[in-house]
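Residue numbers (this note's numbering): 76 to 440.
The C-beta atom is built at its ideal place from N, Cα and C for all residues, glycine as well.
Note that the structure is predicted; figures quoted are calculated from it, not measured.
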C-alpha cells in the first residue's frame, strides 16, 4: 500500500534533521568567516571592507559547495533511497539513515558514480523540459503570448524542478539493474507520463510558492526588527535571513515537495509500458540522456531497453512492452549474421547479432 506524501515526510524526518544540521554548519562557518573578514577589512578602511565582502561571498560559495553539494547530495540520495523502498514495500526501513547510506554505497560503489548519474539525469530532464518549452515559443507572434510563455516557463521550472529526483529514485526502486540503465528508464518514464506528472506538479508549485512566502515572512520580519532595534546593519540582517531561509527550505520544504513528487511518480512508474522509439527520440533531444543510455548499454550490453519493468527487476510490466525473440532464424538472417548492422533510426554502426542499437536503444531489424 502506497504511503502519501505527508506520511513519507513524517516517517523520514531523520533525513530532514540531517539536512538541517548540514545547513546550520554551513551558516555557522559562513558567519565565522564573515566576522574574520569583517575585522580584517575594518583595518584597511572602506576599501578593505569592500574587498572583504567580495572574498566572503566567494568563501561562502566554497563552503556551500563542500558541505551541500557533496555531503548534502549524498544525504539526499539516502533520503531518496528510503522513500523508494517505502513506496515499494509500504514500510520505512528500520534505522533508515544507515539503510540509506548502505544502499547508496551498494548501488553506486563510489560517490563519483553517483554524481555522474545525478548530473546526467538532471541535465537530461532539463533539456527535455526546454524542448517542451520551445513549443510555446513558436506562438510568440501572437500579441501577449510572450508574457504567457514566460509565465509558463516559470511554472515548468518550479513545478518540475523535483522530477530529476524521481527519475534518480527509479535506480533504487530497481535494485537489480545497473544504475545508468535504471536512470535512463526513469527519464523515459517521466517523458511518457509527463501530462500526469505535470498536473500533479501544478499543485506542487502552488504549495511551493505559498510555503516560500510564509517562510520568508516568518524569518525576515523578526530578524529585520531585531537588527533595527539594536541599530545593526540592515544588509547583514538581510544576508543572515537569506541564509536561514535557505537552510529551512533545503531541510524541510524541499524534502516535503520531493516526497510529494516521488509519490506521484512511483504511482505510475511500475505500470508504465515503455515504447522503444522513445529512447531514440530522447537521445536526439538530449545529449545527456544519450550519454546516460550509452553508459547503461556498456554496463549491460545484453540488456534490452524495454523500460521500467522487466522480469529481472521484479517489477511487473505488461508483456507487450518486452519484445519476444523467436527461436527460428531465417535463412536470410543467417547469411547476413557476420555483417555489421546499421541502426535504421540513428544510423549508428553495431556489431553483428546486436538486438538493440548501442547508441539510441532502438530495436535492430
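Where residue i falls: helix, strand or coil (DSSP)
i	result
residue 273	helix
residue 81	helix
residue 348	coil
residue 306	coil
residue 361	coil
residue 167	coil
residue 427	coil
residue 253	coil
residue 237	coil
residue 279	helix
residue 268	coil
residue 197	helix
residue 184	coil
residue 246	helix
residue 92	helix
residue 87	coil
Through-space distance from residue j to residue i, alpha-carbon basis
i	j	result
residue 144	residue 334	20 Å
residue 324	residue 86	18 Å
residue 332	residue 345	21 Å
residue 70	residue 129	There is no way to answer for residue 70, as the model of the chain reaches only from 76 to 440.
residue 353	residue 113	55 Å
residue 242	residue 111	42 Å
residue 304	residue 296	12 Å
residue 320	residue 123	29 Å
residue 174	residue 287	31 Å
residue 84	residue 109	34 Å
residue 261	residue 246	7 Å
residue 136	residue 142	10 Å
residue 358	residue 196	12 Å
residue 183	residue 299	45 Å
residue 388	residue 265	Reliability fails at residue 388, whose pLDDT of 35 lies under 50, so the model's placement of it is uncertain and the value that follows must be treated cautiously. If you take the alpha carbons of residue 388 and residue 265, they lie about 18 Å apart.
residue 398	residue 356	Bear in mind that a pLDDT of 35 at residue 398, under 50, signals an unreliable position, so the number given afterwards is only what the model happens to contain. Rounded to the nearest angstrom, the two C-alpha atoms are 19 Å apart.
Closer than 8 Å to chain B by CB, residue i
i	result
residue 82	Given the protein chain composition of this structure (a single chain), no chain B is represented.
Legend entry - Within the stretch 95-140, ranges of the alpha helix (DSSP H) (whole runs, at least 4 residues): 120-139
Legend entry - Sufficient close CB pairs (3 or more, under 8 Å) joining the stretch 152-161 to the stretch 78-95: yes
Inset, instruction - Would you be able to state if there are at least three C-beta pairs under 8 Å between the stretch 186-195 and the stretch 112-129? - result: no
Inset, instruction - Check whether the stretch 354-371 touches the stretch 300-320, counting contact only when three or more Cβ pairs, one atom from each stretch, lie closer than 8 Å. - result: no
Inset, instruction - Please determine if the stretch 335-343 and the stretch 268-276 are in contact, where contact requires at least 3 C-beta pairs separated by less than 8 Å. - result: yes
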